[in-house]
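Numbering (my numbering), first residue to last: 120 to 410.
Built from N, CA and C at the ideal position, the CB exists for glycine as well.
The model shown is predicted, which means the values in this text are computed figures rather than measured ones.
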Amino acid sequence: MASGTSWTIRAGAALTALAASAGCAAGPRDAGHTPGEETAPASPRVTLHPTVSPTRPPGPPGALPRPGEVGRIPRPADGLPPVISSIPTERKVVFLTIDDGWEQDPGFLAQVRDRRIPVAAFVTRDAVEARGAADPTVQGGRFLGAGKWGYVRALRDAGAMIENHTLTHPNLTALGYEGQRAEICGASRLIRRRTGISPTLFRPPFGNQNVLTRRAAKSCGVHALLLWTATVQPGGKIAYQVPDKRLRPGDVLLMHFRPNLSRDFRVLVDKIRRRGFELGNLDAYLKAATG
120 MASGTSWTIR
130 AGAALTALAA
140 SAGCAAGPRD
150 AGHTPGEETA
160 PASPRVTLHP
170 TVSPTRPPGP
180 PGALPRPGEV
190 GRIPRPADGL
200 PPVISSIPTE
210 RKVVFLTIDD
220 GWEQDPGFLA
230 QVRDRRIPVA
240 AFVTRDAVEA
250 RGAADPTVQG
260 GRFLGAGKWG
270 YVRALRDAGA
280 MIENHTLTHP
290 NLTALGYEGQ
300 RAEICGASRL
310 IRRRTGISPT
320 LFRPPFGNQN
330 VLTRRAAKSC
340 GVHALLLWTA
350 TVQPGGKIAY
360 QVPDKRLRPG
370 DVLLMHFRPN
380 LSRDFRVLVD
390 KIRRRGFELG
400 NLDAYLKAAT
410 G
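Below, the structure is given as structure tokens:
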């Protein structure tokens, strides 16, 4: 559970998979560049090839806010980044987010790119680079660390937001200020170096955060901490955090880079649309809400 003040507010490139299998682990490490980390052998691996689609519609993917639609997200009195779990709107629109970066499934990338599905990816270094022992929930995946940062850049080129989820996925509340800052700032620097993007959103691992997290995040250029209102389980099943077990306008859904990602993502998107909801562009909605 998240701690601290919280507000209930708030794809190119084509990928050819040859196969993959690797792993990754948690534990604080130096945030600097490891020589050869981008060229280290990874067998089998994923190959990325840039393409240009002449029929690609202009503009960002996903539903954009209408004038006057979005409520305001108040700034905390302490001047620190707000903690947001949903977007203040009555429109039937939800927002897709995905964490970590272990299972780099080419089918997921193709859907984000070809169907122009808006998604925000909160990545960790250890997951993207497949360092150490992988999260048990991703064991058996076909594409563990298959493309590494090339895969993340392909998601960026497909229109996905690339945001911060720390270097090693620790429980931040067990760390002091400097430890939390090293995790958050280190991840932001690495994402900027590898993708050219400076993250402005941060998702604390496990949702665990405190005032030191918000202080550290602000010092690293983070504008808001983004949590979630529902999680996506294997098979595309939605696990709700509300008693009536249904989607609500402005919900933020959390899924992970896990085995069968392409299949589960297709099931999830189709389910959301059958229920009459649109997929919103998170960046545009947050800008509308914060001015």
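ask   = Nearest-angstrom Cα distance between Ala84 and Gly187?
value = Lying before the first or after the last residue shown, residue 84 is absent from the chain, which here runs from 120 to 410.
message = Using the three-state DSSP reduction, which class does Gly260 fall into: helix, strand or coil?
response = coil
query = By DSSP, does Leu405 sit in helix, in strand, or in coil?
reply = helix
key: Local conformation of Glu188 per DSSP, three classes   = coil
key: Three-pair Cβ contact test at 8 Å for the region 388-401 versus the region 207-215   = yes
query = Among Leu372, Pro378 and Leu405, which has the Cα closest to the Cα of Ile391?
reply = Leu372
key: For Lys356, three-class secondary structure by DSSP   = strand
query = Do three or more CB pairs link the region 333-352 to the region 196-203 at distances below 8 Å?
reply = yes
key: Residue from Arg185, Pro207 and Gln328 with nearest C-alpha to Arg191   = Pro207
message = Thr314 and Thr243 - do their beta-carbons sit closer together than 8 Å?
response = no
ask   = Counting only runs that start and end within the region 283-366, where is the beta strand (DSSP E) found for 3 or more residues in a row?
value = 343-345, 349-352 and 356-359
inquiry  = Pairs of beta-carbons, one from the region 266-275 and one from the region 285-302, closer than 8 Å: are there three or more?
reply    = no
key: Nearest residue (CA-CA) to Phe321, options Pro179, Phe376 and Ser204   = Ser204
Whether Ala246 touches Gly220 by CB criterion (8 Å) = yes
query = Given a threshold of 16 other Cβ atoms within 10 Å of its Cβ, counted over all protein chains shown, does Arg185 qualify as buried or as exposed?
reply = exposed
query = Below 8 Å between beta carbons: does that hold for Gln353 and Asn379?
reply = Before going further, note that residue 353 is Pro rather than Gln in the sequence given. Against a cut-off of 8 Å, the Cβ pair of Asn379 and Pro353 comes out as a contact.
query = Quick one: what's got a C-beta closer than 6 Å to His375's C-beta in the same chain, skipping five residues either side?
reply = Asp218 and Asp219
key: Asn283 beta carbon less than 8 Å from that of Pro237   = no
query = What residues match up with Asp370 in a beta bridge as DSSP calls it?
reply = Ser205
Among Ala279, Tyr404 and Gly410, the one whose alpha carbon lies nearest that of Glu209 = Tyr404
key: Nearest residue (CA-CA) to Glu248, options Leu309, Ala229 and Lys337   = Leu309
message = If you reduce the DSSP assignment to three classes, tell me which class Gly399 lands in.
response = strand
task = Report the residue from Arg377, Arg382 and Trp347 whose alpha carbon sits nearest the alpha carbon of Leu366.
result = Trp347
request  = Leaving out five residues on either side along the sequence, give the residues of the same chain with a beta carbon under 6 Å from the beta carbon of Arg311.
outcome  = Ser317
task = At 3 residues or longer, and completely inside the region 212-280: list those beta strand (DSSP E) runs for me, N to C.
result = 212-219 and 239-242
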